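Chemist: Chains as they are written, first to last, in the working numbering: chain U, 225 to 500; chain S, -2 to 108. C-beta: ideal position from N, C-alpha, C; glycine also. Computed from a prediction, not measured in an experiment: that's the story for all the values here. A single structure is presented below for examination.
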């Protein structure tokens, strides 16, 4: 492996569970790898790992993050290389119930070792604001806050933004973690009827820059069913294109964000590709 | 819409089968020790009794299947150790090959 790299560490977090952190980690990681970047995605959800399943690597897990931290395995032995994208690696979480197995020093060492070998380290945070979540964000250069346009999700995102500004290494050094808002499960049909918080509402409340809007879609469900990130499984679908654009914004490109509209309602559902 | 439903039915059976295989292995893990893990440890211990090797040069791959799981232990042995013939009986290496591979196939069906 090339040891001259210096990875950018990104945490995918949200506070609330079930908003799409793991799906987004897999989709963004695969999109970055597809664009030629060398990427490792790390599952921090100790005890309830699922990133392996979403990436279709669940049968191949030998060692995990905890094994590496406790010296049972070397880091290269625990990394699982994706079968479709040779630039994409997974560091799985363990299934142990002992959350204290994740130590601050251990995580710091793993991140430091990975930084020299990869372009991007994408940390999939567990839900909540406990140890697992704070350790996942600890070394982040940037954070992607995954939010559904819904009151409890927005409230929890606000909590997480507070943690990013206080509990991270960067914050402790007096610097600021780059924060990006990723709105997932956006349903234009419900938004048009005023049944869902609008993008403007969410942006106004959280006031962090928008990375992308991922429309609610069956392509996302189908992708996790077959164990392949949506950006690989159906790269031309609306959610995949939104994830691809989000990764380009993450890399610093300026691309205008289109709010998915569904003025034609049912008609658009039939021709679902038009959603974004 | 019916066309869409037909399309959707395509991925659910795959999801079901993946989950069945995964959960069978995970439920097993609660009741009995991890067979592949034990084999992995013992294979490495056996080999280290005969030759010393760099732990960094060990690659272990597993694939948990429905009725058969595979374990592949790939160990790089330095040539200075001379004939690596003593290490394994599963495969005879070509004379100039540095790597040895032991691939026991283990049936992990519930006993």
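#1: I'd like the list of long-range same chain contacts for residue 432 of chain U, defined as Cβ closer than 6 angstroms, with 5 residues on each side in sequence excluded.
#2: Over what stretch of residues does the beta strand (DSSP E) that includes residue 394 of chain U continue unbroken?
#3: For a test of the three-state rule: what should DSSP assign to residue 80 of chain S, helix, strand or coil?
#4: Sort U:414, U:369, U:418, U:477 by Cα distance to residue 401 of chain U and report the nearest one.
#5: Report yes or no: is there a C-beta of chain S within less than 8 angstroms of the C-beta of residue 330 of chain U?
#6: Can you tell me whether DSSP reads residue 294 of chain U as helix, strand or coil?
#7: Mind checking the segment 418 to 452 of chain U against chain S and listing, in chain order, the residues whose C-beta falls within less than 7 angstroms of any C-beta there?
#8: Using a beta-carbon distance cut-off of less than 9 angstroms, what residues from the segment 28 to 56 of chain S approach chain U?
#9: Please list the partners that residue 11 of chain S has in chain U, where partner means a Cβ-to-Cβ separation under 7 angstroms.
#10: Taking residue 314 of chain U and residue 275 of chain U to be in contact with their CB atoms under 8 angstroms, please state how far apart those CB atoms are, rounded to whole angstroms.
#11: Along chain B, in chain order, which residues have C-beta atoms closer than 9 angstroms to that of residue 298 of chain U?
#12: Closest to residue 305 of chain U by C-alpha separation, out of U:381, U:342, U:229, would be which residue?
#13: Can you pull the chain U residues whose beta carbon is under 8 angstroms from the beta carbon of residue 19 of chain S, in chain order?
#14: Note down, one range per segment and in chain order, each beta strand (DSSP E) of at least 3 residues found wholly within the segment 392 to 432 of chain U.
#15: Which one of U:444, U:362, U:354, U:352 has the shortest CA to CA distance from residue 346 of chain U?
#16: Does the segment 382 to 391 of chain U come close enough to the segment 412 to 427 of chain U to have 3 or more Cβ pairs within less than 8 angstroms?
#17: Secondary structure at residue 373 of chain U, three-state DSSP: helix, strand or coil?
#18: Taking the alpha-carbon positions, what's the residue 354 of chain U to residue 386 of chain U distance?
#19: Which residues, in chain order, does the segment 300 to 315 of chain U contribute to contact with chain S at a C-beta distance below 8 angstroms?
#20: Return the chain-ordered list of same chain residues with a C-beta closer than 8 angstroms to the C-beta of residue 12 of chain S, the five sequence neighbours on each side being excluded.
#21: For residue 109 of chain S, would you say it is in contact with chain U, using Cβ-to-Cβ distances shorter than 8 angstroms as the test?
#22: Measure how close the beta-carbons of residue 286 of chain U and residue 54 of chain S come, nearest whole angstrom, since I'm counting them as under 8 angstroms.
#23: I'd like to know whether the C-beta of residue 105 of chain S is nearer than 8 angstroms to at least one C-beta of chain U.
#24: What does residue 334 of chain U touch in chain S if you count any residue whose Cβ is under 9 angstroms from its own?
#25: Along chain U, in chain order, which residues have C-beta atoms closer than 7 angstroms to that of residue 71 of chain S?
#26: Would you call the segment 282 to 301 of chain U in contact with the segment 323 to 332 of chain U, where contact means no fewer than 3 C-beta pairs closer than 8 angstroms?
#27: What is the DSSP secondary structure of residue 259 of chain U, counted as helix, strand or coil?
#28: For chain S, is any of its Cβ atoms less than 8 angstroms away from the one on residue 286 of chain U?
#29: Kindly identify the DSSP beta-bridge partner or partners of residue 436 of chain U.
#30: Please compile the residues from chain U whose C-beta is within a distance smaller than 9 angstroms of the C-beta of residue 24 of chain S.
#31: Taking 8 angstroms as the threshold, find out whether the segment 28 to 37 of chain S comes into contact with the segment 467 to 478 of chain U through three or more Cβ pairs.
#32: Which class does residue 232 of chain U belong to by DSSP, given the choice of helix, strand or coil?
#33: Hey, quick one: how far does the alpha helix (DSSP H) through residue 447 of chain U stretch, first residue to last?
#34: Beta carbon of residue 463 of chain U, beta carbon of residue 441 of chain U: below 8 angstroms?
#35: Could you have a look at residue 315 of chain U and say whether DSSP puts it in helix, strand or coil?
#36: In whole angstroms, what is the alpha-carbon distance linking residue 257 of chain U and residue 468 of chain U?
Modeler: So, from the listed chains and residues:
#1: If we look at residue 432 of chain U and ignore the five residues flanking it on each side, its Cβ neighbours are 403, 405.
#2: From DSSP, residue 394 of chain U is part of no beta strand (DSSP E) but of the alpha helix (DSSP H) over 393 to 396.
#3: Caution is warranted here: a pLDDT of 48 is assigned to residue 80 of chain S, below 50, making its placement in the model unreliable, and the coordinate value is therefore given only provisionally. Here residue 80 of chain S sits in coil by DSSP.
#4: In this structure, U:369 is the residue among U:414, U:369, U:418, U:477 with its C-alpha nearest to the C-alpha of residue 401 of chain U.
#5: With 8 angstroms as the cut-off, residue 330 of chain U does not count as an interface residue toward chain S.
#6: DSSP places residue 294 of chain U in coil when its eight states are reduced to three.
#7: Look at the segment 418 to 452 of chain U: the residues with a C-beta under 7 angstroms from a C-beta of chain S are 442, 446, 449, 450, 451.
#8: Cβ contacts with chain U: 33, 34, 37, 52, 53, 55, 56.
#9: The contacting residues are 449, 450.
#10: Indeed, because the Cβ distance is near 7 angstroms, the residues count as touching under 8 angstroms.
#11: Absent here is chain B; the protein component of the structure consists of chains U and S.
#12: Considering only U:381, U:342, U:229, the residue with the shortest C-alpha distance to residue 305 of chain U is U:342.
#13: Per Cβ cutoff of 8 angstroms: 277, 282, 283.
#14: Fully enclosed beta strand (DSSP E) runs of 3 or longer: 402 to 410.
#15: That would be U:362, whose Cα lies nearest to the Cα of residue 346 of chain U.
#16: Segments in contact, no.
#17: Here residue 373 of chain U sits in coil by DSSP.
#18: Their backbone Cα atoms lie some 14 angstroms apart in a straight line.
#19: Residues passing the 8 angstroms Cβ filter: 300, 301.
#20: Within the same chain, no residue comes within 8 angstroms of residue 12 of chain S by CB-CB distance, once the 5 residues on both sides are set aside.
#21: What the structure shows of chain S is the stretch from -2 to 108, and residue 109 of chain S is not part of that stretch, so it cannot be assessed.
#22: With 8 angstroms as the limit, residue 286 of chain U and residue 54 of chain S do not qualify as a contact, their Cβ atoms being about 16 angstroms apart.
#23: In this prediction, residue 105 of chain S scores a pLDDT of 45, lower than 50, which makes its location untrustworthy; no coordinate-derived value is stated.
#24: Those do not exist, as residue 334 of chain U stays about 15 angstroms from chain S at its closest Cβ, beyond 9 angstroms.
#25: Simply none; closest approach about 11 angstroms.
#26: Yes, the segment 282 to 301 of chain U is in contact with the segment 323 to 332 of chain U.
#27: Looking at residue 259 of chain U - three-state DSSP - the assignment turns out to be coil, as it is neither helix nor strand.
#28: Yes, residue 286 of chain U lies at the interface with chain S (some Cβ there is under 8 angstroms from its Cβ).
#29: In the DSSP assignment, residue 436 of chain U is bridged to U:406.
#30: Going along chain U, no residue has its Cβ under 9 angstroms from residue 24 of chain S, so there is no contact; the nearest lies around 12 angstroms.
#31: Between the segment 28 to 37 of chain S and the segment 467 to 478 of chain U there are fewer than three inter-stretch CB-CB distances shorter than 8 angstroms, so the stretches are not counted as touching.
#32: The answer is strand: DSSP assigns residue 232 of chain U an E or B state.
#33: That run of the alpha helix (DSSP H) goes 442 to 450.
#34: A contact, by the Cβ cut-off of 8 angstroms.
#35: If DSSP states are grouped into helix, strand and coil, residue 315 of chain U belongs with the strands.
#36: If you take the alpha carbons of residue 257 of chain U and residue 468 of chain U, they lie about 11 angstroms apart.
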